[in-house]
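Notes follow the structure.
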Amino acid sequence: MKTIVVFYSRKGSNKYLAGRIAGSLSCDIEEIRPRLNIFLLFLMNIHLGVWPLKKRVEEYERVILCGPIWMGRLIPPLRSFIKKYTQRINKLVFVTCCGSTYEKKDEKFGHGLVFREVEKMTNGKCILCQAFPIVLVLPDDKKEDTDAFMKTHLNNENFKGVIEVHFEGFIKTLTSGDK
Ligand SMILES: Cc1cc2nc3c(=O)[nH]c(=O)nc-3n(C[C@H](O)[C@H](O)[C@H](O)COP(=O)(O)O)c2cc1C
């Protein structure tokens, strides 16, 4: 299935994840470029949309959108991307490397709420949502350690073990079925 990975990342984890996905699927990848890329303004929901992509999303059967979650919300660069391109997207897969765990996905800052918002905004085009919580790469004694969690970013050294198993399952879903 002709696929493009489109991502936004501030600290690098989602860039890394997007790169792994594009590498595994041997597909195109492009970064979302916000017109105003100022983190503090994003947190106040002040933003000016995104620059047009170089690639044409309508030429792909599937768009995989990848980016972080802040304050339990769909972040402005991802929201702007969806608003701008939803009519032209055929199928959307939403992926995030985030802070919230699978157990807490439906709490106030959980990724489950963001997934539901993406599904709603894309009118049935979102066929799959997948989270890769950063705790998956933390040792057991650091899983509750906020400092360790904020300082940890995905890379070749820590993308091993449980997260790799989840990742391989995700890639299998994307390559074996109709997703
Ligand atoms: C200000 C801020 C708020 C955050 N809020 C949430 C949140 O509500 N839920 C969540 O799952 N993760 C939250 N996170 C964690 C990020 O989603 C996580 O660190 C992500 O991997 C960062 O991606 P990046 O390295 O691609 O920028 C937050 C991070 C920051 C910096």
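Residue numbers for the sequence shown follow our numbering, beginning at 14 and rising by one. Quick reminder that beta carbons are idealized off the backbone N, C-alpha and C, glycines included. Since the structure is predicted, the reported quantities are computational estimates derived from the model, not experimental observations.
Counted within 10 angstroms of its Cβ, other Cβ atoms place residue i as buried (16 or more) or exposed
{"i": "residue 152", "result": "exposed"}
{"i": "residue 26", "result": "buried"}
{"i": "residue 70", "result": "buried"}
{"i": "residue 48", "result": "exposed"}
{"i": "residue 131", "result": "buried"}
{"i": "residue 82", "result": "buried"}
{"i": "residue 56", "result": "exposed"}
{"i": "residue 189", "result": "exposed"}
{"i": "residue 178", "result": "exposed"}
heavy atom of ligand 1 below 8 Å from residue i C-beta
{"i": "residue 25", "result": "yes"}
{"i": "residue 49", "result": "no"}
{"i": "residue 14", "result": "no"}
{"i": "residue 90", "result": "no"}
{"i": "residue 182", "result": "no"}
{"i": "residue 200", "result": "In this structure the chain extends from 14 to 192, so residue 200 is not present and cannot be described."}
{"i": "residue 57", "result": "no"}
{"i": "residue 94", "result": "no"}
{"i": "residue 186", "result": "no"}
{"i": "residue 45", "result": "no"}
{"i": "residue 107", "result": "no"}
{"i": "residue 83", "result": "yes"}
{"i": "residue 62", "result": "no"}
{"i": "residue 111", "result": "yes"}
{"i": "residue 166", "result": "yes"}
Same chain, Cβ closer than 6 Å to residue i, five either side skipped, listed in chain order
{"i": "residue 38", "result": "16"}
{"i": "residue 95", "result": "134"}
{"i": "residue 123", "result": "113, 117"}
{"i": "residue 125", "result": "118, 119"}
{"i": "residue 155", "result": "161"}
Beta-carbon separation (whole angstroms), residue i vs residue j, contact threshold 8 Å
{"i": "residue 146", "j": "residue 111", "result": "6 Å"}
{"i": "residue 21", "j": "residue 80", "result": "4 Å"}
{"i": "residue 140", "j": "residue 185", "result": "Residue 140 to residue 185, Cβ: 15 Å. No contact."}
Closer than 8 Å: residue i CB and nearest ligand 2 heavy atom
{"i": "residue 77", "result": "Ligand 2 is absent from the structure shown, which contains only ligand 1."}
Beta-carbon proximity list for residue i, same chain, < 7 Å, skipping 5 on both sides
{"i": "residue 52", "result": "23"}
{"i": "residue 14", "result": "74, 75"}
{"i": "residue 43", "result": "17, 19, 66, 67, 68"}
{"i": "residue 91", "result": "21, 78, 80"}
{"i": "residue 183", "result": "143"}
{"i": "residue 175", "result": "149"}
Proximal residues to residue i (C-beta, below 8 Å), its chain only, five neighbours per side dropped
{"i": "residue 46", "result": "63, 64"}
{"i": "residue 138", "result": "99, 102, 103, 104, 105"}
{"i": "residue 115", "result": "144, 146"}
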